[in-house]
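*Asks:* In the UniProt record's numbering, the protein residues as written are 1 to 329.
Each residue gets a CB set at the ideal place from its N, CA and C atoms; glycine is no exception.
Just so we're clear, the structure is a prediction, and the values are computed from it rather than from any experiment.
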Amino acid sequence: MLVRVSATTSFKCRGFFSEGFASHLALTNERPNHSFTRHLHHFGSASKGTSHGSFSIPHPIKNWQELRKKKLTASTFGGAIGFWPRRRIQLWLEKIGAREPFAGNMATSWNNIKEEEALERYKLITGNKVLFPKLQVYANQNAEDDWLGCSPDGVVDHVVYDMPSHGVLEIKCPFFNGDNRRMYPWSRIPLHCIPQAQGLMEILDKDWMDLYCWTVNGSSLFRLYRDRKYWELMKRALTDFWWDHVIPARELYKKSPVINPLVEMRSLMPAPRHELLPVIVLASKYVVDDSELKMREIQGKLQVEASWSFPQLKCDQLQIEEFKFGETR
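1) Classify glutamate 275: buried if its beta carbon has 16 or more other beta carbons within 10 angstroms, exposed otherwise.
2) Just curious, the alpha helix (DSSP H) that serine 284 is in, first and last residue?
3) In whole angstroms, what is the alpha-carbon distance linking histidine 245 and isoleucine 89?
4) If distances are taken between C-alpha atoms only, which option among Val288, Lys134, Gly127 and Ala139 comes closest to tyrosine 230?
5) When the distance is taken between beta carbons, is leucine 135 closer than 8 Å to glycine 154?
6) So within the segment 203-254, which uninterrupted beta strand (DSSP E) runs reach at least 3 residues, ignoring any that extend past its ends?
7) Reducing DSSP to helix, strand and coil, say where aspartate 157 ends up.
8) What does a CB cutoff of less than 7 Å around arginine 236 pick up in its chain, not counting 5 residues either side in sequence?
9) Cα-Cα, which of Cys193, Asp227 and Leu238 is closest to arginine 273?
10) Look up arginine 266 in the DSSP assignment and say whether it is helix, strand or coil.
11) Spatial neighbours of asparagine 217 within its chain, please: C-beta separation below 7 Å, excluding the five flanking residues on both sides.
12) Just how far apart, CA to CA, sit glutamate 100 and leucine 221?
13) Considering only their Cβ atoms, is the gap separating arginine 266 from glycine 97 smaller than 8 Å?
14) Nearest to residue 330 by CA position, among Lys172, Trp208, His192 and Ala139, is which residue?
15) For the beta strand (DSSP E) holding arginine 296, just list the boundary residues, first then last.
16) Give me the DSSP bridge partner(s) of cysteine 193.
17) Determine whether the beta carbon atoms of cysteine 150 and threonine 73 lie at a separation below 8 Å.
18) Starting from the Cα of methionine 228, find the closest Cα among Glu264, Leu293, Ala283 and Leu91 and give me that residue.
19) Buried or exposed for valine 263, please, with buried defined as at least 16 other CB atoms from any protein chain shown within 10 angstroms of its CB.
20) Would you kindly check if the distance between the Cβ of glutamate 170 and the Cβ of alanine 197 is under 8 Å?
21) Pull up the DSSP beta-bridge partners for glutamate 170, would you.
22) Just how far apart, CA to CA, sit phenylalanine 77 and proline 152?
23) Taking the alpha-carbon of aspartate 290 as reference, which of Leu148, Arg188, Asp145 and Gly82 has the nearest alpha-carbon?
24) Can you tell me the Cα-Cα spacing of tryptophan 186 and cysteine 173, whole angstroms?
25) Please confirm whether phenylalanine 83 has its beta-carbon closer than 8 Å to some beta-carbon of chain D.
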């Protein structure tokens, strides 16, 4: 499913869902996408989210599968919406108990193996202190929201002009099918990362995220910002998936023997894509456009492609000859 944006249409506001976006649409040269404007008036004021859970040091191995089974966590938000059509059906089967949760593949195994090495590199680059939260549960002034949760890679303590600032850290170690020749850090955030990123910031009640992409040949660091309107839109799709498809199917699956859920519970099975997917994809594009590439390095050679926001660390400190990318610790 493709989303087309006219080349003659201009968006001058900061952030896709920033205040005053509707007025900016009125100034464009062409009529905006109908599917987007049809949903825009449904967006109300965002309420502040909170989370409950404790922080622990050092980082525990993230093995909370039993807790995650009964919740929809940020890492699955893209799948629940339909960014990967087959994954939406698989996730539904997992959440109703008809199949075992996704155990991972070579790409996820690679990410898990290299995450600690990437974390050390991130701390070296930024000088930031990182805390490691346990599974966090969303509590947005409504007990029913506790079906949403997340297990972030870290929470960042950052000081800017002697003022504390707190954000989220997400680490990505792309696999590139195991081909070292192709393993170079992103210069732009993939769209499918945005549902997870916005979900993490909302559930943890943080205003920004550092997304750090690590490869054996270099790394890149992006700064993303929380968008409450994006969350409101995405939560509608997540709510439909959970309450219209997962919960009723789970209750039915518990009460009576079901041999083939795809046939016997077809009426409760979600479509491969949620109807809001095209709008969410478009919204994700604008979140990516509004993100900042803080740093990109290839083989230890620093490339500053945006404002450098780590005053406690000089750029030349990153060119550490004894640090070898891809070295297993």
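*Replies:* Here's the rundown:
1) Here residue 275 corresponds to residue number 275 of the sequence shown, with the count starting at 1. Exposed, because fewer than 16 other Cβ atoms sit within 10 Å of the Cβ of glutamate 275.
2) Indexing the sequence shown from 1 puts residue 284 at position 284. Its alpha helix (DSSP H) spans residues 277-289.
3) Along the sequence shown, read from residue 1 onward, the residue named residue 245 stands at position 245. Along the sequence shown, read from residue 1 onward, the residue named residue 89 stands at position 89. Rounded to whole angstroms, histidine 245 to isoleucine 89 spans 10 Å at the Cα level.
4) Against the sequence shown, residue 230 aligns to sequence position 230. Nearest C-alpha to tyrosine 230: Val288.
5) In the sequence shown, counting from the first residue as 1, residue 154 sits at position 154. In the sequence shown, counting from the first residue as 1, residue 135 sits at position 135. No.
6) 208-215 and 218-225
7) Along the sequence shown, read from residue 1 onward, the residue named residue 157 stands at position 157. Look at aspartate 157 here: in three-state DSSP terms it is strand.
8) On the sequence shown, position 236 is the one that residue 236 refers to. Here the set comprises Leu276.
9) Translated into positions along the sequence shown, residue 273 becomes position 273. For the options Cys193, Asp227 and Leu238, the alpha carbon positioned closest to that of arginine 273 is the one of Leu238.
10) As a first step, residue 266 must be located in the sequence shown, where it is residue number 266. In this structure, arginine 266 counts as helix in the three-state DSSP scheme.
11) For the purposes of this step, residue 217 is taken as residue 217 along the sequence shown, with counting starting at 1. Hits under 7 Å: Met183, Tyr184, Ile298, Gln299 and Phe325.
12) The residue you call residue 100 lines up with position 100 of the sequence shown. The residue you call residue 221 lines up with position 221 of the sequence shown. So the two alpha carbons sit approximately 34 Å from each other.
13) Residue 97 sits at position 97 when you count from the first residue of the sequence shown. Residue 266 sits at position 266 when you count from the first residue of the sequence shown. Taking 8 Å as the Cβ cut-off, glycine 97 and arginine 266 do not qualify as a contacting pair.
14) Nothing can be reported for residue 330: it is not among the residues displayed for the chain, which extend from 1 to 329.
15) As a working note, residue 296 is residue 296 in the sequence shown. Start and end: 292-298.
16) Position 193 of the sequence shown, counted from the start, is the residue given in the question as residue 193. Cysteine 193 pairs with nothing; no bridge assigned.
17) The residue given as residue 150 occupies position 150 in the sequence shown. The residue given as residue 73 occupies position 73 in the sequence shown. For cysteine 150 and threonine 73, yes; Cβs fall inside 8 Å.
18) As a first step, residue 228 is located in the sequence shown; it is residue number 228 there, counting from the start. Strictly speaking, residue 228 in this sequence is arginine, with methionine absent from that position. Checked all of Glu264, Leu293, Ala283 and Leu91; the closest Cα to arginine 228 is Ala283.
19) Numbered from 1 along the sequence shown, position 263 holds the residue referred to as residue 263. With fewer than 16 other Cβ atoms within 10 Å, it is exposed.
20) For the purposes of this step, residue 197 is identified with residue 197 of the sequence shown, where counting begins at 1. For the purposes of this step, residue 170 is identified with residue 170 of the sequence shown, where counting begins at 1. In contact: alanine 197 and glutamate 170 (Cβ atoms closer than 8 Å).
21) Start at 1 with the first residue of the sequence shown, and residue 170 comes out as number 170. According to DSSP, which records beta bridges pairwise, glutamate 170 is partnered with Leu211.
22) Working through the sequence shown from its first residue, we reach residue 77 at position 77. Working through the sequence shown from its first residue, we reach residue 152 at position 152. Cα to Cα, phenylalanine 77 sits roughly 14 Å from proline 152.
23) For the purposes of this step, residue 290 is identified with residue 290 of the sequence shown, where counting begins at 1. Ranked by Cα distance from aspartate 290, the options Leu148, Arg188, Asp145 and Gly82 are led by Arg188.
24) Residue mapping note: residue 186 aligns to position 186 of the sequence shown, counting from 1. Residue mapping note: residue 173 aligns to position 173 of the sequence shown, counting from 1. Cα-Cα distance, rounded: 10 Å.
25) No chain D appears in the structure shown, which is made up of a single protein chain.
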